[in-house]
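Notes follow the structure.
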Amino acid sequence: VEKRNGWLNVGDLRGCIHFKIVRYEKIKFLVVGLENSIEIYAWAPKPYHKFMAFKSFGQLTHQPLIVDLTVEENARLKVLYGSSEGFHAIDLDSASIYDIYVPTHIQSSSITPYCIVILPNTNGMQLLLCFDNEGVYVNTYGKLTKNVALQWSEMPTSVAYISTGQVMGWGDKAIEIRSVVTGHLDGVFMHKKAQKLKFLCERNDKVFFSSAKGGGPCQIYFMTFKPGLFNW
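The numbers in my numbering rise by one with no breaks, and the one at position 109 of the sequence shown is 110.
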């Protein structure tokens, strides 16, 4: 492990595509999606005070574009990941890999996965999977749990689940805010001009996102929210 200038290397990783830090009780996991594998690290407290290798899954059939981790019924750990073909899961105990949702109703040969939401109060077993301009409700075994689908008004460039229990979608024309439970529209903010925006992070009562201008400088924006109300 090399530490310099305030940075700490985690493993010998190359080609990281996406990562997610997941906290479960007093344990903190780091899930890293690489070009054809997923690495999982667990935080080791003092005296180590670093992420240490926990599990590794290589030679995946589908390249992981987004990754997450759920704990089913406080007992079973599962990695969830999205690819250009659909969404998949890895059972950490058995190392079995299976599909949880592969869309068959779209004409395109590939999808863009945006977000995996582990729905609150479901023991880590029910999900909202957001891709392209929609979202579907399934459980961690791939069974549809709702007959309805979340539908964005336009193709978003970024989607994120925030602590108010809502999902935000950033489109070229507007930012939409929808209920994570029903998919219903809670609010919409129109842009003055078309622009592509990307979610960065949520801190305290603010959601941060940026504009992307084809290789040029970008601007950072934030929205401040209160219960039941959103303000710029």
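C-beta: ideal position from N, C-alpha, C; glycine also.
- The C-beta of Ala96 has fewer than 16 other C-beta atoms within 10 Å across all chains shown, which makes the residue exposed.
- Looking only at Gln64, Pro114, Thr165, the smallest Cα-Cα distance to Asp206 is reached by Thr165.
- Collapsing the DSSP output to three states places Ile163 in a strand.
- Within the same chain, Val33, Gly34, Leu35 come within 8 Å of Cys17 by CB-CB distance, once the 5 residues on both sides are set aside.
- Distances from the CA of Val182 to each of Asp133, Thr71, Leu70, Met169 were compared; the closest alpha carbon is that of Met169.
- Taking Asp100 as reference, the option from Thr62, Thr71, Ser110, Ile119 with the minimal CA-CA separation is Thr62.
- Non-local beta-carbon contacts of His19 in its own chain, meaning distances under 6 Å to residues more than five positions away in sequence, involve Gly34, Ile67, Val68 in chain order.
- In this structure, the CA atom of Phe223 is about 34 Å from the CA atom of Asn75.
- Between Ser38 and Gly12, the CB-CB gap reaches or exceeds 9 Å.
- Per DSSP, the continuous beta strand (DSSP E) segment holding Lys199 begins and ends at 198-204.
- Exclusion of the five residues before and after Leu186 leaves Glu177, Arg179 as the residues of its chain whose Cβ lies within less than 7 Å of its Cβ.
- Taking Ile41 as reference, the option from Lys47, Lys56, Ile28, Lys27 with the minimal CA-CA separation is Lys56.
- Of all C-beta pairs linking the stretch 83-94 to the stretch 20-30, fewer than three are shorter than 8 Å, placing the two stretches out of contact.
- Using a 10 angstroms sphere on the CB of Ala90, the tally of other CB atoms reaches 16 or more, which defines it as buried.
- If you draw a straight line from the Cα of Lys144 to the Cα of Ser212, it comes to about 36 Å.
- The beta carbon of Leu14 is closer than 7 Å to those of Val33, Leu35, Glu40 in its chain, skipping five residues each way along the sequence.
- By the 16-neighbour rule on beta-carbons within 10 angstroms, Ala161 is buried.
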